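Sequential numbering of the sequence shown, starting at 269, is according to our numbering.
Report on one structure; see the data block that follows.
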Amino acid sequence: MFHRDTWAEVDLDAIFHNVASLRSFLPKETAIMAVVKANAYGHGDAQVAKTALEAGASHLAVAFLDEALALRQKGMHAPILVLGATRPEDVDLAAEKRIALTVFQQEWLEEAKQHHQSGLPVLFHLKMDTGMGRLGVKEEEETKRIVAMIDAYPHFLLEGVYTHFATADEINTDYFSFQYETFLRMLEWLPYRPKWVHCGNSATSLRFPTKVFNIVRFGIAMYGLSPSLAIKPYLPFTLKEAFSLHSRVVHVKRLLPGEKVSYGATYTAEQEEWVGTVPIGYADGWIRKLQNFHVLVNGEKVPIIGRICMDQLMIRLPSYVPIGTKVTLIGQQADEKITMDEVAQYLDTINYEIPCTISYRVPRIFLRNKSIMEVRNAVLDGNNV
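What follows is the structure, given as structure tokens:
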């Protein structure tokens, strides 16, 4: 239960649709790893994870060990991979909770061996840097030493190997092809192929399904958002945006010509105007740069006026509206819609950032209007739900 007039809605049917659509699109032998890091990109980790698994995902991925532990505490039993760095002293905790770790440094592995006391198996995925310049091994000799160390220690198991593409969401595929060929060459350094080989993020999975090996990491597209505007027209199936953001008008007043609004007095009424106050601000993730952007009231776009405050913002209304009138910041009212991409473009950023920015102060309401079977059958039939 929450006690404020601002909330986000997460459409779990949309999450299910997106994962089930990918499941139908990919070869049957290709598994899906649902990426639920950063609280499932701001959508809600456990709720999204459960829905993704129901829709056909078999694995989960997070950025840090804390995120994996939170999922275990919330009852998630599926295999989980930590994509980021983990402290070597936490190796026993990962083993206890059956959480796979990313390895990319020989020195880290040597230290992890010293901390491993439980006797429980530790699963590893080796990260290879093919040109992202982030985490990952680059040299053949270090790769071979890491694999040899894992194989020589009875409680360590190399379960997977992977890389990450820097430009899979761009029209030009030259650098993508370079990284892909580099990964193929690096795989030859290994004495054997681990159980899981993966290079496919959302963009790769949707554009190059034959180049993803045997498991894909489904991230941004799972939430109904295209990996980039450039490839949006070329996606193989319709994505359904899951996240919407709403509030209510809590105060309405009439301004006279010359009266000003908010900090800095940056807005001046040119005529008699109705102004509404909405209880959402930059502490909720609706940042000050969104001044002069718009929201939806009664199915009509109305502008945000004056500087956005920490907890409130003001909008210019076309006419008086009652207290409690719904305001949509992301989502649809009647025939008008504000998409995540539209907000991102206004802020000169990418859609990934928008839901991640909406803070913990905004409660999430999870919607599931249809049964699992209804959504699954609709996806298989190629229908929208």
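Here a beta-carbon is modelled for each residue, glycine too, at the ideal position from N, C-alpha and C.
All figures in this text were calculated on a predicted structure; none of them were measured in a lab.
(request) Would you mind stating whether ASP279 and LEU635 have Cβ atoms separated by less than 9 Å? (result) With respect to the 9 Å criterion, ASP279 and LEU635 are classified as neighbours on the basis of their beta carbons.
(request) Evaluate MET578 with the Cβ neighbour count: other Cβ atoms within 10 Å of its Cβ, from every protein chain shown; 16 or more gives buried, anything less gives exposed. (result) exposed
(message) Quick check: the segment 599 to 618 against the segment 533 to 552, are at least 3 beta-carbon pairs closer than 8 Å?
(response) no
(message) Can you tell me whether ASN652 is helix, strand or coil according to DSSP?
(response) Only weak support is given to the placement of ASN652: the predicted model assigns it a pLDDT of 49, under 50, and the value that follows is read from those uncertain coordinates. Here ASN652 sits in coil by DSSP.
(request) Could you spell out the range, first to last residue, of the beta strand (DSSP E) harbouring LEU581? (result) 581 to 585
(message) Quick check on the burial criterion: 16 or more other C-beta atoms within 10 angstroms. Buried or exposed for ASP313?
(response) ASP313 comes out buried.
(message) Assuming THR274 is part of the alpha helix (DSSP H), what are its boundary residues?
(response) Unbroken run through THR274 is the beta strand (DSSP E), 274 to 279; no alpha helix (DSSP H).
(request) Could you tell me how far apart the beta carbons of VAL287 and ALA320 are, in whole angstroms, since I believe they sit closer than 8 Å? (result) 5 Å
(request) Could you tell me the boundaries of the beta strand (DSSP E) in which TYR430 lies? (result) 424 to 430
(request) Can you check DSSP and say which residues form a bridge with THR370? (result) HIS393
(request) With a floor of 3 residues, list each beta strand (DSSP E) that falls wholly inside the segment 485 to 569, ordered by position along the chain. (result) 511 to 516, 519 to 523, 541 to 546, 562 to 565
(request) Look at the alpha carbon of ILE418 and the alpha carbon of LYS296, and state the distance between them as a whole number of angstroms. (result) 31 Å
(request) Out of HIS514, PHE446, LYS406, LYS605, state which residue places its alpha-carbon closest to the alpha-carbon of ARG272. (result) The shortest Cα separation from ARG272 among HIS514, PHE446, LYS406, LYS605 belongs to HIS514.
(message) Taking the beta strand (DSSP E) that PHE634 belongs to, which residues open and close that run?
(response) 632 to 635
(message) In this structure, how does DSSP classify HIS271 when only helix, strand and coil are distinguished?
(response) coil
(message) Considering only their Cβ atoms, is the gap separating GLN559 from ILE583 smaller than 9 Å?
(response) no
(message) Once DSSP output is grouped into helix, strand and coil, what is the label at VAL303?
(response) strand
(request) Go ahead and pull the three-state DSSP assignment for TRP376. (result) helix
(request) In the DSSP assignment, find the unbroken alpha helix (DSSP H) run with VAL415 in it and report its ends. (result) Annotation: the continuous alpha helix (DSSP H) that includes VAL415 extends over 408 to 420.
(request) Measure how close the beta-carbons of ASN637 and ASP334 come, nearest whole angstrom, since I'm counting them as under 8 Å. (result) 32 Å between Cβ atoms; not a contact.
(message) Would ALA420 and PHE476 be called neighbours here (beta carbons separated by less than 9 Å)?
(response) no
(message) Comparing C-alpha positions only, which one of ILE439, ALA416, THR534 sits nearest to LEU425?
(response) ALA416
(request) Using a threshold of 9 Å, state whether the C-beta atoms of ILE300 and PHE433 are closer than that. (result) Cβ distance not < 9 Å, so ILE300 and PHE433 don't count as in contact.
(message) Using only the alpha-carbon positions, how far apart do ALA317 and LEU524 sit?
(response) 51 Å
(request) Quick one: using the 10 Å Cβ neighbour count with 16 as the cut-off for buried, is GLY549 buried or exposed? (result) buried
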